[in-house]
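Protein chains in written order, with my numbering: chain D, 8 to 123; chain S, 29 to 143. Beneath this line is the structure, given in C-alpha cells, with notes to follow.
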Amino acid sequence: AQKVTQAQTEISVVEKEDVTLDCVYETRDTTYYLFWYKQPPSGELVFLIRRNSFDEQNEISGRYSWNFQKSTSSFNFTITASQVVDSAVYFCALSEAGDNFNKFYFGSGTKLNVKP
Amino acid sequence: DVKVTQSSRYLVKRTGEKVFLECVQDMDHENMFWYRQDPGLGLRLIYFSYDVKMKEKGDIPEGYSVSREKKERFSLILESASTNQTSMYLCASRAQWGQGYNEQFFGPGTRLTVL
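Spelled out as C-alpha cells, the structure:
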C-alpha cells in the first residue's frame, strides 16, 4: 500500500486563483515527519515545510499554508492567489522514526499549472 | 545557506562506459542519498550512506554502486552504463536523527543520457 498518496496528478488554475494540493499518508508510528517539496522545471527539489507528528498547528508562510490533520491523516497544501511562478510539481513525503528513519516515502507528485 | 552540489547538470555517455556521478554537501550531514526519477515512477532510492564508508541498498540498487570516502562526498557509479539507466539522478543529504530537523536537502540533479 502507498504510504503517501497524492491523488491529484495534475491541476490547472488561472493566476490569482487559490489551489489546494492534497496529501494523505499512512503510518503506524506515533513519531513521524511530513514534508512538502517543490520541483520546478529546472529539476531541483526545493524543501518547503516540515511538520512532526506532535505539532498539529497549521502554518502560513506568505501565500502558502499547510493544514495538518492527524484525524484524517492528511497534510494539505494551499496556495493563495496563485502565480505563474508556482507552476511546478509538488511532492509530499513521509519519514518515520527509528529504524526506518532514512527511508523517505514520497508521493507521486501533483503537477500544478498556473496559467496567466 | 545549505548546499548540495552535483558534478554535472547534463551528461551524455555511451553504453558500456563507466560513469561517475559526484555529490558534495557542505552541511556536515551524516546521511546522504542517491535517487533516480523517471516519469510515472516517481523518486526511487538507489543507495544511501549513513556514515563514511557505510552504505545501504535502497529500492533499486542493481547496476549501481556507491562510494563514500569522505563525509561531504557521495559518489554514484554506473559500472557499465546501459540505456535503461537514462534518467534524472538526484542526490540528497540529511542530518542525523535527533539533530532537530529531518528534511532532506537536494542537489540540482544530473540528467544522464546513455546512448
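By construction, the Cβ of each residue, glycine as well, lies at the ideal position given by its N, Cα and C atoms. These figures come from a predicted structure and were not determined experimentally.
Residue state for Gln76 (chain D) is assigned as strand, using DSSP reduced to three classes. Its chain contains Leu140, Thr141 and Val142 as the residues whose beta carbon lies nearer than 8 angstroms to that of Thr114 (chain S), once the 5 sequence neighbours on both sides are disregarded; these appear in chain order.
Between Glu58 (chain S) and Asp87 (chain S), the gap from beta carbon to beta carbon reaches 8 angstroms or more.
The residues Phe75, Gln76 and Lys77, in chain order, have a CB closer than 8 angstroms to that of Glu63 (chain D) in the same chain once the five nearest residues on each side in sequence are set aside. Phe111 (chain D) sits close to Ala100 (chain D), with the two beta carbons spaced by under 8 angstroms. One Cα belongs to Val20 (chain D), the other to Leu119 (chain D), and the distance between them is close to 8 angstroms. DSSP links Thr37 (chain D) through a beta bridge to no other residue. If you compare the alpha carbons of D:Thr16, D:Lys45, D:Lys23 and D:Thr37 with that of Ser89 (chain D), the shortest gap goes to D:Lys23. Three or more beta-carbon pairs drawn from the region 79-89 of chain D and the region 23-36 of chain D are found closer than 8 angstroms, and the two stretches are therefore classed as touching. Annotation: the continuous beta strand (DSSP E) that includes Gly70 (chain S) extends over Gly70 to Asp79. The beta-bridge partner set that DSSP reports for Leu104 (chain S) consists of S:Leu49 and S:Val94. Looking at S:Met60, S:Phe102, S:Gly68 and S:Gly91, the one whose alpha-carbon comes closest to that of Gly44 (chain S) is S:Gly91. For Gln124 (chain S), the three-state secondary structure derived from DSSP is coil.
For Pro136 (chain S), a Cβ of chain D is located within less than 8 angstroms of the residue's own Cβ. Exposure of Ile67 (chain D) is indicated by the presence of fewer than 16 other C-beta atoms within 10 angstroms of its C-beta.
Within chain S, no residue has its beta carbon less than 9 angstroms from that of Glu66 (chain D); the closest one is some 14 angstroms off. Using a Cβ-Cβ cut-off of 8 angstroms, Met116 (chain S) is close to Gly50 of chain D, given in chain order.
Judged by DSSP secondary structure, Asn59 (chain S) falls within the beta strand (DSSP E) whose first and last residues are Asn59 to Asp66. Classified as buried, Thr117 (chain D) has 16 or more neighbouring CB atoms from the shown chains inside 10 Å of its CB. Secondary structure of Asn109 (chain D) (DSSP, three-state): coil. Of the residues S:Ala109, S:Lys83, S:Glu100 and S:Glu107, the one whose Cα lies closest to the Cα of Thr33 (chain S) is S:Glu100.
The bridge partners DSSP lists for Lys118 (chain D) are D:Glu17 and D:Val96.
Around Phe134 (chain S), the same chain offers Val32, Leu118, Cys119 and Ala120 as residues with beta carbons nearer than 8 angstroms, after the five sequence neighbours per side are excluded. Contacts with chain S at 8 angstroms (Cβ-Cβ) include Ser115 (chain D).
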